[in-house]
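Be aware that the first sequence starts at 72, since it is given in the numbering used here, and climbs by one per residue.
In this text, a Cβ means the ideal position worked out from N, Cα and C, and glycines have one as well.
Quick notes on the structure that follows.
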Amino acid sequence: MATTQLASRYDPSAIETDIYNRWRDAGVLTADAHSDATPYVIVIPPPNVTAVLHMGHGLNNTIQDVLIRFERMRGREALWLPGTDHAGIATQNVVERLVADELGKRRQDLGREQFVERIWTFVHETGNTILKQLEAIGASCDWDRTRFTLDDEYSRAVLKVFVDLYHDGLIYRGHRVIHWCPRCLTALSDEEAEFRERDDHLFHIRYPVVTSAGERRGGAISPGGGEPPNRRLVDSIVVATTRPETMFGDVALVFHPDDERYRDLRGQTIRIPLTDVEIPIEVSPRVEREFGSGMLKVTPAHDPNDFEIAGELEGDYEMPVVIDAEGRMGHEPRVPEELRGLDRYEARERAVAMLEQEELLAKKEPYRHAVRHCYRCHTVVEPRLSDQWFVRMKPLATPALAAYRDGQLTFVPERWGAVYENWLTEIRDWNISRQLWWGHRIPAWYCDAPSCGHITVALDPPAACERCGGSVRQDEDVLDTWFSSWLWPFATMGWPNATDDLAKFYPGHTLVTAAEIIFFWVARMVMAGFYFMGERPFSTVYIHGTVRDTLHRKMSKSLGNGIDPLEVVSRYGADALRFTVVAGAPVGTDVILDPNDLETTFAPGRNFANKVWNVGRFILSNLDGPVVAPDRWDPAHFELADRWILSRVQRVIVDTTEALERFRLNDAANAIYHFLWDDLADWYVEQVKPRLYGDARGGEVARAILRNVFETALRLLHPIMPFITEELWQYLPQAREPLLAKAAWPRPKAPLVDDEAEDRFGRVQALVAAVRSVRAEYNVPPGTEIAAVVQPSSTDALEAFNAEQRTIERLAKLKHLTMDGAGEGAGAHQVLPDGSAVFVPLGNAIDVQKECARLRTETARLDGQLRGVRQKLQNEQFVNRAPADVVQREREKEQSWREQRETLTAKLHALGC
RNA sequence: GGGCGAAUAGCUCAGUUGGUUCAGAGCGCCUGCCUUACAAGCAGGAAGUCGGGGGUUCGAAUCCCUCUUCGCCCACCA
């Protein structure tokens, strides 16, 4: 193929789709369960089936793809297993809105069957959107193995897990206060009910005191404590609450058993304000004496804590539910008529107004506190007494904890391990039933016979009650979405069948995700992995940061601060996107991107791609002549620059490999970036040009090295920028592997590491930079060739300058570089880091004052450095205690700076400063 | 209430085991260049008392304490 035809600007959109299809058609993406290669497995965190690609996915999946491509090139049987999650509440909400918009109907109007049918249509139409979008960023997933948590086979696994856990005694049906979303009309787990700060009020309400005979009780109620709330009124007790509307569900007031203020009140009766309901005063150690008046109202049906307290009180208490499923006041006789049917917040206002009127409101103060909200719709959760299914978590947590503690499971960065450990240690039972229609329906059947009441739990619907033979009806509820996600690492591979995939690809290796779902998903996968597979599902959990805007706010649809990855791909290319997020995502930190300035954010990545493109174009178009294979290279023909670049290559191979192994993707990106741009493009390619255009043998060597170095660079860059590297690979003559995606990862060749060459070429670079600096300072036009005289500080320096004299002259645009002594006449002076001195004769153009000033500045800087290093060397403590090599290095510095200082002094004299 | 993280150039951030080759990169800014791979480029340059204070050490951006400011997670004071 003719590289000369390649455009000078890299156009990603012209090639990306083709390249991707080529990978797919060549089977690059498909893992082989029967290969001999060691497996490497990542299971994707399955995006919600309704999701559209956002930057968080962009980051998450780019990281996974970099790791997968890296290990694939290293020869492992790499499987990246993709798929989607049915996302119960989220998806149901989306389609509910859709139905409302389309038909103006609620899901209840359609009925369960029809509504679920509608969701399936939606899923079939748009469910693979996000997976298709992942292709655009180059994700090399094994699409043949795409899974969905509601696939038949997968669903079967979910139900089996429920049945097994039930029969193992780890799933039970419980009656307790759970988190309820009055908007989604379902129960939520603790994790799904997230705390958010809210500005509310704390209401101090007077509960009228009633004697046991129904008479008012007189006299002081508290001998001491100096607490004002209850002192003034002897006929009422003040209670602080944020939720006055729940008082109709109160069953008692309680105070702390040691609270002297109320000691005499125990056993007395008070009346719920605005009602005739009388309730007792009791004690509970759970009461915080310092809070409010120290008297707590107990509302067992609408507060989990109160539920516990009521359970601990002597005697049986009813637990009246006064707020219905939709968050409205109930119609119980306990609820005042004027409040019945009102929304809980309206009811709160009305109740408070009524209390005021009755002079039963002692105080109302602003109050900021954390309240649980539905994680899907952000409605304030209503604690609610109901029957739900729970998983007993403690036994499952034990091996998951052990795995972390004995190092079988590690976190990157490590600190997240503590979060994981803490959660597992404090773990509580998991409410897994959801009052939704979209999801895995719970495989439990209730006997219709009231006298029997048996529950049959089975994988397949029973014909009749297994105890009494009577008719049964299935539980209406479905399972929490996460109850299917936690099986992802093995249910995707065909569990419970003993499949080849399970044999080959379980357990997996790396899990890449954000910290937010450590509890929801990561910890639970580990538990399920141990319980059902007997092994951890992965060995490393790599936790990456969150994508935020420049104000450090999380990118979100509602804030409108998101970035559309597809727009970035079309404007800057997938590789630019990938490079930007990888280079900007050091381990453990958030990724800050500017949604208002895509240019600033992504241009550097695009520019780098363009650089790769152009250096590639140049190199490829110069490979026409004969090329010597590496195994026939004769080092005798190498120039200094050749040895230098080959040594640099070995280092960048080591650096990149180590960085990727340690999940330091940003280090890998930077290492290869600087190698390609600085070492290869700016120096080696420039150095090599005369040989390419000139002498035959030199050209042959140069071409061989150029080809080899560039080929290695493409391999190293491929995991991060797969498209452009694959495209350029296609033009590489005689590539051993037809596709870079399946090519081998480079191994460093130790004999090519050449410290001397690196040292010497470094001196050459410094000399060129010094002359360039002089040119710039004196505005010498590029066309004007000047001469320079260098005074090498050592034989090493002399040999280096001699070896690359032609390079120095070319790159510094020198007519001639003289190698000996000091120059004559007026000119500019520079001293190199190694002590070598350069003189550039500039005749009249020179400004002696300026030169003197510059040399004095230099001298002063060196004096400062010398002072520091000498102080150190004179310090016995330092010389004695610091490691020998550190001291040695300081001595070398001192010598080098002293030499530079001497050279400068001589210059100053020569100029007559 | 408990825990964690961050603060380095105008901006976004590197800086792993303390050692003036670690005070850096990219962007932005200033100067000069359309030098036949690349103006999405080349060359040169200015710019930071490493959040404040204290300590450990021969030596601190790096370790310890403390304060300030942001951010996150967990949490049954209603």
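Asked: Cβ-based burial, F673 [other Cβ within 10 Å; buried from 16]; Found: buried
Asked: Assigned secondary structure, H1067 (DSSP; H/G/I helix, E/B strand, else coil); Found: Limits of the chain in this structure are 72 at one end and 984 at the other, which puts residue 1067 out of reach.
Asked: Residues that Q862 bridges to, as DSSP identifies them; Found: A908
Asked: V248, enclosing beta strand (DSSP E) - first and last residue; Found: I242 to C252
Asked: Whether F986 touches P560 by CB criterion (9 Å); Found: It is not possible to answer for residue 986, since the shown part of the chain is limited to 72 through 984.
Asked: C-alpha gap between A806 and W800, whole angstroms; Found: 8 Å
Asked: Own chain residues within Cβ distance below 6 Å of P666, not counting five before or after; Found: D620, N632 and I634
Asked: Cβ-based neighbour list, P315, same chain, cut-off 8 Å, excluding 5 preceding and 5 following; Found: F274, I276, R419, A422, V423 and L426
Asked: Alpha carbon of S472 to alpha carbon of A149, nearest angstrom; Found: What sits at residue 472 in the sequence shown is Leu, not Ser. Straight-line Cα distance between these residues: approximately 28 Å.
Asked: The stretch 249 to 256 contacting the stretch 542 to 553, beta-carbon criterion three pairs below 8 Å; Found: no
Asked: Contained beta strand (DSSP E) runs [length at least 3] in the stretch 397 to 453, N- to C-terminal order; Found: 432 to 445
Asked: Chain-order list of residues whose beta-carbon lies under 6 Å from that of K813 (same chain, five-residue window excluded); Found: V99
Asked: Closer than 8 Å: E798 CB and nearest the ligand HEM heavy atom; Found: Absence of the ligand HEM is noted for the structure shown, with no ligands found whatsoever.
Asked: Contacts around A85, its chain only, beta-carbon distance under 7 Å, and the 5 residues preceding and following it disregarded; Found: none
Asked: Of the listed residues V112, Y81 and T101, nearest to L573 (C-alpha basis); Found: V112
Asked: Beta-ladder partner(s) of T611, from DSSP; Found: T481 and T581
Asked: Bridge partners - W501, DSSP secondary structure assignment; Found: V462
Asked: Residue range of the unbroken alpha helix (DSSP H) whose run includes V958; Found: A955 to L982
Asked: H128, buried or exposed, once every other Cβ within 10 Å from all chains shown has been counted against 16; Found: buried
Asked: Whole-number beta carbon distance between T162 and T121, since they are thought to touch under 8 Å; Found: 5 Å
Asked: Length of the line joining the Cα atoms of V322 and P437; Found: 26 Å
Asked: Integer-rounded CB distance, given that V170 should sit under 8 Å from R183; Found: Contact flag wrong, Cβ pair sits at about 13 Å.
Asked: Opposing strand residues paired with V281 [DSSP bridges]; Found: T340
Asked: D374 versus I208: straight-line alpha-carbon distance, rounded; Found: 47 Å
Asked: Where the alpha helix (DSSP H) through S555 begins and ends; Found: W553 to S556
Asked: C-beta atoms of C984 and R932 nearer than 9 Å; Found: no
Asked: Inter-stretch contact (C-beta, 8 Å, three-pair minimum) for the stretch 356 to 375 and the stretch 326 to 346; Found: yes
Asked: Contact the stretch 826 to 842 vs the stretch 713 to 721: 3+ CB pairs below 8 Å; Found: yes
Asked: Pair within 9 Å by beta-carbon distance, T552 and R499; Found: no
Asked: N- and C-terminal bounds of the alpha helix (DSSP H) containing R143; Found: M126 to M144
Asked: At least three beta-carbon pairs within less than 8 Å, the stretch 694 to 704 to the stretch 769 to 778; Found: yes
Asked: Beta-carbon gap between S555 and L221 smaller than 9 Å; Found: yes
Asked: Validate contact between the stretch 483 to 497 and the stretch 138 to 155 using beta carbons, cut 8 Å, 3 pairs; Found: no
Asked: Where C923 sits in the DSSP three-state scheme; Found: helix
Asked: Integer Cβ distance of L787 from P817, believed to fall under 8 Å; Found: 6 Å
Asked: Three-state class that DSSP yields for R357 in the structure shown; Found: coil
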